[in-house]
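**Q** After the structure tokens below, expect a handful of questions from me.
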């Protein structure tokens, strides 16, 4: 199955600043997904990122707040912009594993906004 | 729309006890179903999956059977260990590869 390297693993940021999270996959993949896990909550899909096209955002998430890049088939970034304490969450990227064993997740980025 | 409902936690068991975590789903058609596990401070790991009705997924002593009659995918393990302490998420695959997760069930196993 695909292996995803995600960084940073955690960060503490000042409100009003932005943080970019990176995910590198060890194989070429068509779709990548970005999820948010708020404290003590389940995972919610932010957007789907396909190479060569704009990301598709879920209801409640907008590109100005969560811009996503997908420059090639092995890499994607998510930026959390103009952060507020409500953005404190774990952010995870995901992709489909070859042979459809399932969906693989990065180790997550634990973000705290102060 | 499609949804997943899990039993609320936390669930506290003694080592070697039998585990059941209930998961039911609402979906059009027969989506693939998954159980993921999240150990403290870590990301999600796929535990097992089932892609069609009556399929049984199994891994590391955990099992779950895709039951279309009861729209359920309950997770079971015959004898839990302290190392199984984690949060368990039931999920279904929605259109376009998007996963819909249940709310998660925290399991704590005491020695």
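Chains as they are written, first to last, in the numbering used here: chain A, 75 to 188; chain B, 4 to 114. Just so you know, even glycine gets a beta-carbon here, dropped at the ideal spot from N, CA and C.
Going by DSSP in three states, residue 188 of chain A sits in which element: helix, strand or coil?
**A** Numbered from its first residue, the first chain carries residue 188 of chain A at position 114. Residue 188 of chain A falls in the coil class under three-state DSSP.
**Q** Sort B/5, B/45, B/23 by Cα distance to residue 13 of chain B and report the nearest one.
**A** Here residue 13 of chain B refers to the residue found at position 10 when the second chain is read from its first residue. Residue B/23 is the option with its Cα nearest to residue 13 of chain B.
**Q** Examine chain A for any beta-carbon lying closer than 7 Å to the beta-carbon of residue 84 of chain B, and answer yes or no.
**A** For this step, residue 84 of chain B is matched to residue 81 along the second chain. Not closer than 7 Å to any Cβ of chain A, the Cβ of residue 84 of chain B fails to qualify, so no.
**Q** At a cut-off of 6 Å, is residue 136 of chain A close to the ligand GDP when judged by its beta-carbon and the heavy atoms of the ligand?
**A** Questions concerning the ligand GDP fall outside what the structure shown contains, since it holds no ligand whatsoever.
**Q** Taking Cβ to Cβ, would you say residue 94 of chain A is nearer than 7 Å to residue 157 of chain A?
**A** Position 20 of the first chain, counted from the start, is the residue given in the question as residue 94 of chain A. Position 83 of the first chain, counted from the start, is the residue given in the question as residue 157 of chain A. Not a contact, by the Cβ cut-off of 7 Å.
**Q** Compare the C-beta of residue 106 of chain B with all C-beta atoms of chain A and state if any pair is closer than 7 Å.
**A** Along the second chain, read from residue 1 onward, the residue named residue 106 of chain B stands at position 103. Yes, because at least one Cβ of chain A sits closer than 7 Å to the Cβ of residue 106 of chain B.
**Q** With three or more beta-carbon pairs closer than 8 Å as the criterion, would you say the stretch 122 to 136 of chain A touches the stretch 75 to 84 of chain A?
**A** no
**Q** Who are the neighbours of residue 101 of chain B on chain A, taking C-beta pairs under 9 Å?
**A** What you label residue 101 of chain B is simply residue 98 of the second chain in a count that begins at 1. Chain A residues near residue 101 of chain B: 107, 119, 122, 132.
**Q** Using DSSP with H/G/I as helix, E/B as strand and the rest coil, what is residue 145 of chain A?
**A** Taking the first chain and counting its residues from 1, one reaches residue 145 of chain A at position 71. The answer is strand: DSSP assigns residue 145 of chain A an E or B state.
**Q** With DSSP collapsed to three states, give me the class of residue 99 of chain B.
**A** Against the second chain, residue 99 of chain B aligns to sequence position 96. Three-state result, residue 99 of chain B: helix.
**Q** In terms of residues, what are the limits of the beta strand (DSSP E) holding residue 106 of chain A?
**A** Looking up residue 106 of chain A in the first chain gives position 32. 105 to 111 is the extent of the beta strand (DSSP E) around residue 106 of chain A.
**Q** Whole angstroms is fine: what's the gap from residue 91 of chain B's alpha carbon to residue 109 of chain B's?
**A** Numbered from its first residue, the second chain carries residue 91 of chain B at position 88. Numbered from its first residue, the second chain carries residue 109 of chain B at position 106. Roughly 6 Å separates the two Cα atoms.
**Q** Just to check my reading of the structure: residue 104 of chain B and residue 152 of chain A have Cβ atoms closer than 8 Å, yes? What is that Cβ distance to the nearest angstrom?
**A** Residue 104 of chain B sits at position 101 when you count from the first residue of the second chain. Residue 152 of chain A sits at position 78 when you count from the first residue of the first chain. The beta-carbon distance between residue 104 of chain B and residue 152 of chain A, rounded to whole angstroms, is 18 Å. This is too long to meet the 8 Å contact definition.
**Q** Using CA atoms only, rank isn't needed, just tell me which of A/188, A/183, A/171 is closest to residue 106 of chain A.
**A** Indexing the first chain from 1 puts residue 106 of chain A at position 32. The shortest Cα separation from residue 106 of chain A among A/188, A/183, A/171 belongs to A/171.
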